[in-house]
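Presented below is the structure to which this report refers.
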Amino acid sequence: MTPAPRTPGRGDSPKIRIALISLTYLFFAAFVFLPLALVFAQAFQKGWQYYRESITEPFALEALKLTLLTTAIVVPLNAFFGMSAAWAVTKFHFKGKTVLKTLLDLPFAVSPVIAGLIFVLLLGSRTPLGSWLGERGITIIFSTPGIIIATLFVTFPFVARELIPLMEAQGREEEEAALTLGAGGWQIVRKITLPNIRWGLLYGMILCAARSIGEFGAVSVVSGHIRGLTNTIPLHVEILYSEYNYTASFAVSSILVFLALLTVILKGSMEKAYLKTNPQSAKNHEH
Amino acid sequence: MSRFQKLPRHILPGFGLSMGYAVFYLSAIVIVPLSTIFLNTLQMDAETFFSAVSAPRVLASYRLSMTTAFFAALFDALAGMLTAWVLVRYRFPGRKLLDSLVDLPFALPTAVAGICFATLYAPGGWLGVFFEKWNLPVINTPSGIVIALVFIGFPFVVRTIQPVLEELEPEVEESAYSLGANRWQTFRKILFPHLLPALLTGTTLAFARSLGEYGSVIFIAGNLPMKTEIAPLMIMSKLDQFDYAGASAVALVLLAMSFGMLLVLNSIQSWQQKEIR
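So the sequences go chain by chain: A and B. The opening residue of the first sequence carries number 5 in this note's numbering; numbering runs sequentially from there. The opening residue of the second sequence carries number 2 in this note's numbering; numbering runs sequentially from there.
This is how it looks when you write it as structure tokens:
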């Protein structure tokens, strides 16, 4: 036998290999390629002109604006939280660390509909807090702040769960060395920690942005579906679809598909850079 | 590690600040809002609570969510195992493309996935025509729900098995061959037991995600009472009727199921750690 590379296809006969690869392609065809092709086929069904009108009509643009605003607020807030949580969890020893780490992942275990429900129960106009705010002219539910808060909840863990394993693997030696050389706290974070975690941070922020652009269930509960006011892009897709305006619905969806593909590509190329900054983390890295 | 034990616990600055901020933000965004479900259900008396969660339509929705999530997770286990194996073990044209596209369900908005599958399997749709011919309705049936959930869940299985498969030392398999085991025996006795914890973890994650999934399901499900209403949809319809107490009661049971899954996951992981040792 010729010396084959060590990983690929050890020992599997070509027949099995071809059969398994074909089966995988078949699965991807049904669950990935066909749906993607369908979006573009439907979106351009009535021609380029109709497509352009569907994505540039005022309601679509308003929805896009709200989605971008939400993402622009949610990502920095959750990134800042993720960094401080990761700093506390990985640079110090304290009791209850495991409990804290479990709590950080909690939003992932909660149905999006429940994520919306809890904010209606907390801040809706019929609740004590909601009516108190209402008397002062502040509405949160069925309005933009509600959408932002629900999205904060849903995307809460992304940055923290990328940073914690990374910073755990990197240890504390570099920061401690900087400390003995007389660096201050913020200086250490800026000059040592941030450059070390930059890829993991960016990676977590991209996942956070993708989810906040696409979140549907939670936002659907708190939005109230007011066109031009509290409609995000995914909600706009739903409204168009339920009005049987399939072509416009898929045209707007095609923007989201484009963003999703971009996310997946960025994620792939970033993973390489990320693993280069920290080879040990390859082992504990889940996604 | 032991050489650090004599040192004071907090050498670096910023513990109070970072910990304080993290706990404050966690409480404001997650803990306090989630507690409203418990507070709202505590205000109900036992009878109202039980009549809300044991109404036939609600029970049917729990049953449907459990069974569709179960079958979707089962299918994900097979498809995810296959995909992870092929991506790690073989080199073939398009491998990198498939590897990146595994993450698509994480990145694609659920509503878009929902309308895609509803249109694909609609009568006369690209795949719907075949299922019509075979007399297997997909739209407005539990099988349609399973299809949407398979899409949502399968990256969890692939991404948990892949690193374990990549790390596997070639020597383990080689020694099994040299001792006379064939391919199938090696897979069953050596590889599979090694992959099992990761497979179970990924499948449980897919199941837990499917239990609460909403956006990708509602379009293909048709939402027929007693037949294709999933549990999250029941919460939604109670909210539409301003029945906040009923919605919290239904949500509490669904939350309990999801947290139960978290417990299962934790025990799988501690078992996995024992296996490694």
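In this text, a Cβ means the ideal position worked out from N, Cα and C, and glycines have one as well. If you're wondering where the values come from, they're calculated on a predicted model, not measured in any experiment.
Residue range of the alpha helix (DSSP H) that includes residue i
{"i": "B:Trp86", "result": "57-90"}
{"i": "B:Trp135", "result": "That residue, B:Trp135, is in no alpha helix (DSSP H); it is neither H nor E in DSSP."}
{"i": "B:Phe16", "result": "16-27"}
{"i": "A:Ser246", "result": "237-246"}
{"i": "B:Pro198", "result": "193-213"}
{"i": "A:Ile210", "result": "198-218"}
{"i": "A:Ile152", "result": "148-158"}
{"i": "B:Gly115", "result": "111-121"}
{"i": "A:Gly120", "result": "116-127"}
{"i": "B:Ser336", "result": "Only positions 2 to 278 of chain B appear in this structure, which leaves residue 336 of chain B out of reach."}
{"i": "A:Ser17", "result": "Element bounds for A:Ser17: n/a, residue is neither H nor E."}
{"i": "A:Thr3", "result": "Chain A is shown only over 5 to 291; residue 3 of chain A falls outside these bounds and no answer can be derived."}
{"i": "A:Met171", "result": "161-174"}
{"i": "B:Glu48", "result": "47-54"}
{"i": "A:Gly221", "result": "221-227"}
{"i": "A:Ala67", "result": "62-95"}
Same chain, Cβ closer than 7 Å to residue i, neighbours up to 5 away in sequence not counted
{"i": "A:Phe112", "result": "Pro161"}
{"i": "A:Thr123", "result": "Just to set this straight, residue 123 of chain A is Phe in the shown sequence, not Thr. Contacts found: Ile145, Gly150, Ile153, Ala154, Val226."}
{"i": "A:Leu68", "result": "Ile237"}
{"i": "A:Thr75", "result": "Ala213, Ser216, Ile217"}
{"i": "B:Val54", "result": "Ala250, Val251, Val254"}
{"i": "B:Trp294", "result": "Within the shown structure, residues of chain B are numbered from 2 to 278, placing residue 294 of chain B beyond reach of any answer."}
{"i": "A:Pro12", "result": "With a pLDDT of only 48 at A:Pro12, under 50, the local geometry of the prediction cannot be trusted, and no value is derived from it."}
{"i": "A:Thr131", "result": "Leu125"}
Cβ shell of residue i (< 8 Å), same chain only, five flanking positions each side left out
{"i": "A:Tyr105", "result": "A quick correction: the sequence has Lys, not Tyr, at residue 105 of chain A. Within the same chain, A:Lys105 has close Cβ partners Val93, Ile168."}
{"i": "B:Ala178", "result": "Going by the sequence as given, residue 178 of chain B is Tyr instead of Ala. Here the set comprises Thr187."}
{"i": "B:Thr42", "result": "Phe50, Ala246, Ser249, Ala250, Leu253"}
{"i": "B:Met20", "result": "none"}
{"i": "A:Leu198", "result": "Leu205"}
{"i": "A:Ile20", "result": "none"}
{"i": "A:Lys287", "result": "The predicted position of A:Lys287 is uncertain, since its pLDDT is 44 and thus under 50; a value taken from the coordinates is nonetheless stated next. Once the five neighbours on either side are set aside, A:Lys287 has no close Cβ partner at all."}
{"i": "A:Tyr207", "result": "Glu166, Lys271, Met274, Glu275, Tyr278"}
{"i": "B:Lys7", "result": "Residue confidence for B:Lys7 is low, a pLDDT of 49 falling below 50, so the modelled location carries little weight and cannot support an answer."}
Residues of its chain near residue i, where Cβ-Cβ distance is below 6 Å and the 5 sequence neighbours each way are ignored
{"i": "B:Gln15", "result": "The amino acid at residue 15 of chain B is misidentified as Gln; the sequence shows Gly. None."}
{"i": "A:Ile22", "result": "none"}
{"i": "B:Val218", "result": "Ile146, Ala149, Ile231"}
{"i": "A:Ala252", "result": "Ser58, Leu244"}
{"i": "A:Arg231", "result": "Phe63"}
{"i": "A:Glu219", "result": "Thr155, Val158"}
Residue closest to residue i, alpha-carbon to alpha-carbon, out of the options
{"i": "A:Val256", "options": "A:Lys50, A:Thr28, A:Ala64", "result": "A:Ala64"}
{"i": "A:Leu98", "options": "B:Leu75, B:Glu133, B:Gly115, B:Gly17", "result": "Residue identity differs from the one stated: residue 98 of chain A is Phe in this sequence, not Leu. Looking at the Cα atoms, B:Gly17 is the closest of the given residues."}
{"i": "A:Arg215", "options": "A:Leu72, A:Leu30, A:Asp16, A:Gln174", "result": "A:Leu72"}
{"i": "B:Met67", "options": "B:Lys239, B:His11, B:Leu212, B:Gly95", "result": "B:Leu212"}
{"i": "B:Ala222", "options": "B:Phe72, B:Phe118, B:Phe193", "result": "B:Phe118"}
{"i": "A:Leu40", "options": "B:Val113, B:Leu137, B:Gly126", "result": "B:Val113"}
{"i": "B:Gln273", "options": "B:Arg189, B:Leu196, B:Met262, B:Phe243", "result": "B:Leu196"}
{"i": "A:Ile259", "options": "B:Leu13, B:His11, B:Leu109, B:Pro124", "result": "B:Leu109"}
{"i": "A:Arg194", "options": "A:Gly208, A:Met209, A:Tyr207, A:Glu178", "result": "A:Glu178"}
{"i": "A:Asn235", "options": "A:Ser147, A:Glu61, A:Ala33, A:Ser88", "result": "A:Ser147"}
{"i": "B:Leu27", "options": "A:Phe157, A:Arg165, A:Leu239", "result": "A:Phe157"}
{"i": "B:Glu167", "options": "B:Leu180, B:Ala199, B:Arg189", "result": "B:Ala199"}
{"i": "B:Leu35", "options": "A:Leu108, A:Met209, A:Phe32, A:Leu81", "result": "A:Leu108"}
{"i": "B:Arg58", "options": "B:Lys134, B:Asn224, B:Phe72, B:Pro106", "result": "B:Asn224"}
{"i": "A:Leu70", "options": "A:Leu239, A:Val103, A:Leu125", "result": "A:Leu239"}
{"i": "B:Val89", "options": "B:Val151, B:Gln163, B:Leu263, B:Pro138", "result": "B:Gln163"}
{"i": "A:Ile196", "options": "A:Ile210, A:Leu211, A:Gln174, A:Leu137", "result": "A:Gln174"}
{"i": "B:Phe131", "options": "A:Ala34, A:Val223, A:Tyr248", "result": "A:Ala34"}
Inter-stretch contact at 8 Å, needing at least 3 Cβ pairs: the stretch 234-244 of chain A / the stretch 174-186 of chain A: Because the criterion of three Cβ pairs below 8 Å is not met, the stretch 234-244 of chain A and the stretch 174-186 of chain A do not touch.
Interface positions of the stretch 87-106 of chain B facing chain A (Cβ-Cβ less than 7 Å), listed along the chain: Answer set for the stretch 87-106 of chain B: Val87, Arg90, Tyr91, Arg92, Phe93, Leu99, Ser101, Leu102, Asp104, Leu105.
Cβ contact check for the stretch 33-49 of chain B and the stretch 167-178 of chain B: 3 or more pairs under 8 Å: In short, these stretches do not touch, since the Cβ pair count stays below three.
Residues of the stretch 49-63 of chain A with Cβ closer than 8 Å to any Cβ of chain B, in chain order: When C-beta distances to chain B are compared with 8 Å, every residue of the stretch 49-63 of chain A stays at or above that value.
Cβ contact (3+ pairs, closer than 8 Å) linking the stretch 65-83 of chain B and the stretch 138-156 of chain B: Contact between the stretch 65-83 of chain B and the stretch 138-156 of chain B is present, because at least three Cβ pairs lie under 8 Å.
Cβ-based contacts, 8 Å cut-off: residues of the stretch 49-69 of chain B near chain A: Taking 8 Å as the Cβ-Cβ cut-off, the stretch 49-69 of chain B has no residue approaching chain A.
Inter-stretch contact (C-beta, 8 Å, three-pair minimum) for the stretch 100-113 of chain B and the stretch 264-280 of chain A: The stretch 100-113 of chain B, when compared against the stretch 264-280 of chain A, does touch it at the 8 Å Cβ threshold.
Contact list for the stretch 234-248 of chain A against chain B, Cβ threshold 7 Å: Under the 7 Å Cβ criterion, the stretch 234-248 of chain A contributes Pro238, Val241, Glu242, Tyr245.
Near-chain B residues of the stretch 166-185 of chain A (beta-carbon distance less than 7 Å), N- to C-terminal order: Under the 7 Å Cβ criterion, the stretch 166-185 of chain A contributes Arg176, Glu179, Glu180, Leu183.
Residues of the stretch 80-98 of chain A with Cβ closer than 7 Å to any Cβ of chain B, in chain order: Identification of residues in the stretch 80-98 of chain A having a C-beta nearer than 7 Å to some C-beta of chain B yields Phe85, Ser88, Ala89, Trp91, Ala92, Lys95, Phe96, His97, given in sequence order.
Validate contact between the stretch 115-132 of chain A and the stretch 228-242 of chain B using beta carbons, cut 8 Å, 3 pairs: The stretch 115-132 of chain A is in contact with the stretch 228-242 of chain B.
Members of the stretch 157-181 of chain B that neighbour chain A once the beta carbon cut-off is set at 9 Å: Correct list: Phe157, Arg160, Thr161, Pro164, Glu167, Glu168, Pro171, Glu174, Glu175, Tyr178.
Residues from the stretch 125-151 of chain B in contact with chain A, defined by Cβ distance under 9 Å: In summary, the residues of the stretch 125-151 of chain B whose CB is separated from some CB of chain A by less than 9 Å are Gly126, Trp127, Leu128, Ile148, Val151, in the order they occur in the chain.
Against chain A: residues of the stretch 107-118 of chain B by CB proximity under 9 Å: Hits within the stretch, in order: Phe107, Ala108, Leu109, Pro110, Thr111, Ala112, Val113, Ala114, Gly115, Ile116, Cys117, Phe118.
Residues, ordered as in the chain, of the stretch 124-149 of chain A that lie near chain B by beta-carbon distance below 9 Å: Of all residues in the stretch 124-149 of chain A, the ones placed with a Cβ closer than 9 Å to any Cβ belonging to chain B are Val124, Leu125, Leu126, Leu127, Gly128, Arg130, Thr131, in chain order.
Chain-ordered residues of the stretch 235-259 of chain B with a beta carbon less than 7 Å from chain A: The residues in question are Ile236, Met237, Leu240, Tyr245, Ala248, Ser249, Ala252, Leu255, Leu256, Ser259.
The stretch 213-226 of chain B: positions lying closer than 8 Å to chain A by Cβ: Legend: CB atoms of the stretch 213-226 of chain B lying less than 8 Å from CB atoms of chain A belong to residues Gly213, Glu214, Tyr215, Gly216, Phe220.
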